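Below: the structure, in structure tokens.
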Amino acid sequence: MPQHLVPNSVIEASLLFAVGYDSPAGDPAVLPEAMTAELHEALAAQDCAHLAEEVFGTVAAGWQLRAGTQGTTIAVNRYSTLRRRFLDSHGLKPIKGKNVWPVGSTTILKRYGGSWSQALQAFGFQASDNFRPAGFGAPRFSEEKFLQALRDFVKDAYDKGYLTSYQNYVSWRKEQVAQGRKDLPSGPTMRNTYGTWAKALINVQ
Numbered sequence: 728m729p730q731h732l733v734p735n736s737v738i739e740a741s742l743l744f745a746v747g748y749d750s751p752a753g754d755p756a757v758l759p760e761a762m763t764a765e766l767h768e769a770l771a772a773q774d775c776a777h778l779a780e781e782v783f784g785t786v787a788a789g790w791q792l793r794a795g796t797q798g799t800t801i802a803v804n805r806y807s808t809l810r811r812r813f814l815d816s817h818g819l820k821p822i823k824g825k826n827v828w829p830v831g832s833t834t835i836l837k838r839y840g841g842s843w844s845q846a847l848q849a850f851g852f853q854a855s856d857n858f859r860p861a862g863f864g865a866p867r868f869s870e871e872k873f874l875q876a877l878r879d880f881v882k883d884a885y886d887k888g889y890l891t892s893y894q895n896y897v898s899w900r901k902e903q904v905a906q907g908r909k910d911l912p913s914g915p916t917m918r919n920t921y922g923t924w925a926k927a928l929i930n931v932q
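Going by the working numbering, the first residue of the sequence shown is number 728, and it counts up by one from there.
Here's what the structure looks like:
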């Protein structure tokens, strides 16, 4: 499923799936027909039609939570963690140039100008405003700045053929700062924010 062809309903279903992930299965009858049809198509395209019962029950749970709970939201790192958990549990792997459902956070961000909050609001969720690096006071870097830094680093690593390790990020950031960039969180800030470097990288996979 090429990224530019991903229907909005499939993106919405991805967010709903994450929101409903740890909840009892909902009633799939609440889902719009268009979403149901397009999600069936997405699952079939990745040979996952057999997961329909699990997927639709979870998406429906997210739908019902959004409808019945004011301020329903999900942070981008939480979304990416749950997506990875689902993919790993079923032996699914993202393929470069194609989307594997649930779609990656990068696909969602690209659709909405790099803003996770705008994506959430577009689908009736509360904007995620509780993203805070470790420390006191207001964060120096927004959620989108963290993700952009990770995307830029990973792209540079792939283009130049080096590992996306923590130490390489620290070295890359030092070079970028020397060239005038001021929008890159430090290595320790990345790890403190996401918990581990591996968890930070999950957000751009």
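Glycine is no exception: its CB is placed at the ideal position from the N, C-alpha and C atoms.
Please read all numbers here as calculations on a predicted model, not as lab measurements.
Query raised in the report: Out of Ser869, Leu766 and Arg793, which has the shortest C-alpha to C-alpha gap to Gly747?
Result: For the purposes of this step, residue 747 is taken as the residue at position 20 of the sequence shown. Of the listed residues, the one whose Cα sits closest to Gly747 is Arg793.
Query - Whole-angstrom C-beta distance between Pro912 and Ala876, which should lie under 8 Å - result: Translated into the one-based positions of the sequence shown, residue 876 becomes position 149. Translated into the one-based positions of the sequence shown, residue 912 becomes position 185. Yes, Ala876 and Pro912 are in contact; Cβ-Cβ is about 6 Å, under 8 Å.
Query raised in the report: Just checking my contact of Phe873 with Leu742 at CB under 8 Å: how many whole Å lie between their CB atoms?
Result: As a first step, residue 873 must be located in the sequence shown, where it is residue number 146. As a first step, residue 742 must be located in the sequence shown, where it is residue number 15. Phe873 to Leu742, Cβ: 19 Å. No contact.
Query raised in the report: Which residues in the same chain have their Cβ closer than 7 Å to the Cβ of Gly818, if we skip the five residues on either side of it in sequence?
Result: Taking the sequence shown and counting its residues from 1, one reaches residue 818 at position 91. Here the set comprises nothing.
Query - Pair within 8 Å by beta-carbon distance, Ala776 and Leu770 - result: Locating residue 776 in the sequence shown gives position 49, where the first residue counts as 1. Locating residue 770 in the sequence shown gives position 43, where the first residue counts as 1. Taking 8 Å as the Cβ cut-off, Ala776 and Leu770 qualify as a contacting pair.
**Report entry** DSSP-derived helix/strand/coil call for Leu890
**Finding:** For the purposes of this step, residue 890 is taken as residue 163 along the sequence shown, with counting starting at 1. The answer is coil: DSSP assigns Leu890 none of H, G, I, E or B.
Query raised in the report: Which runs of the alpha helix (DSSP H) spanning at least 4 residues fall entirely within the stretch 775-811, listed in chain order?
Result: 779-795
Query raised in the report: Do you know how far the Cα of Gln791 is from the Cα of Val757?
Result: Locating residue 757 in the sequence shown gives position 30, counting from the first residue. Locating residue 791 in the sequence shown gives position 64, counting from the first residue. Computed Cα separation, rounded: 8 Å.
Query raised in the report: Near Phe671, which residues of its chain fall below 7 Å by C-beta distance, leaving aside the five closest residues on each side in sequence?
Result: Because the chain here runs from 728 to 932, residue 671 falls outside it and cannot be looked at.
Report task. Can you give me the start and stop residues for the alpha helix (DSSP H) that Gly914 sits inside? Result -> Taking the sequence shown and counting its residues from 1, one reaches residue 914 at position 187. Gly914 -> alpha helix (DSSP H) spans Gly914 to Tyr921.
Query raised in the report: Quick one: is Ala846 buried, meaning 16 or more other Cβ sit within 10 Å of its Cβ, or exposed?
Result: For this step, residue 846 is matched to residue 119 along the sequence shown. So Ala846 ends up on the buried side.
Query - Three or more C-beta pairs below 8 Å linking the stretch 794-813 and the stretch 896-903 - result: no
Query raised in the report: Between Thr834 and the rest of its own chain, which residues show a CB-CB distance below 8 Å, the 5 nearest in sequence each way excluded?
Result: Taking the first residue of the sequence shown as position 1, residue 834 is located at position 107. If we look at Thr834 and ignore the five residues flanking it on each side, its Cβ neighbours are Gln730, Val733, Ile738 and Asn826.
Query raised in the report: Rounded C-beta distance between Arg810 and Gly831? I'm assuming under 8 Å.
Result: Here residue 810 corresponds to residue number 83 of the sequence shown, with the count starting at 1. Here residue 831 corresponds to residue number 104 of the sequence shown, with the count starting at 1. Yes, they are in contact, since the Cβ atoms of Arg810 and Gly831 sit about 7 Å apart, within 8 Å.
Report task. Reducing DSSP to helix, strand and coil, say where Lys872 ends up. Result -> Indexing the sequence shown from 1 puts residue 872 at position 145. Lys872 falls in the helix class under three-state DSSP.
Report task. Taking 8 Å as the cut-off, decide whether the C-beta atoms of Trp828 and Gln773 are in contact. Result -> Numbered from its first residue, the sequence shown carries residue 828 at position 101. Numbered from its first residue, the sequence shown carries residue 773 at position 46. In contact: Trp828 and Gln773 (Cβ atoms closer than 8 Å).
Query raised in the report: Quick one: Cα of Ser736 to Cα of Ala905, how far?
Result: For the purposes of this step, residue 736 is taken as residue 9 along the sequence shown, with counting starting at 1. For the purposes of this step, residue 905 is taken as residue 178 along the sequence shown, with counting starting at 1. C-alpha separation (whole angstroms): 43 Å.
Query raised in the report: Which class does Tyr748 belong to by DSSP, given the choice of helix, strand or coil?
Result: The residue you call residue 748 lines up with position 21 of the sequence shown. Tyr748: coil per DSSP, three-state reduction.
Requested in this report: Pick out whichever of Met917, Gly784, Ser807 and Pro821 has its Cα sitting closest to the Cα of Phe868.
Outcome: Here residue 868 corresponds to residue number 141 of the sequence shown, with the count starting at 1. Closest option to Phe868, Cα to Cα, is Met917.
Query raised in the report: Where does the unbroken alpha helix (DSSP H) through Ala772 begin, and where does it stop?
Result: The sequence position of residue 772 within the sequence shown is 45, counting from 1. Residues Glu760 to Ala772.
Query raised in the report: How many Å lie between Arg908 and Pro821 at the Cα?
Result: Within the sequence shown, residue 908 is the residue found at index 181, counting from 1. Within the sequence shown, residue 821 is the residue found at index 94, counting from 1. Cα to Cα, the separation comes out at about 31 Å.
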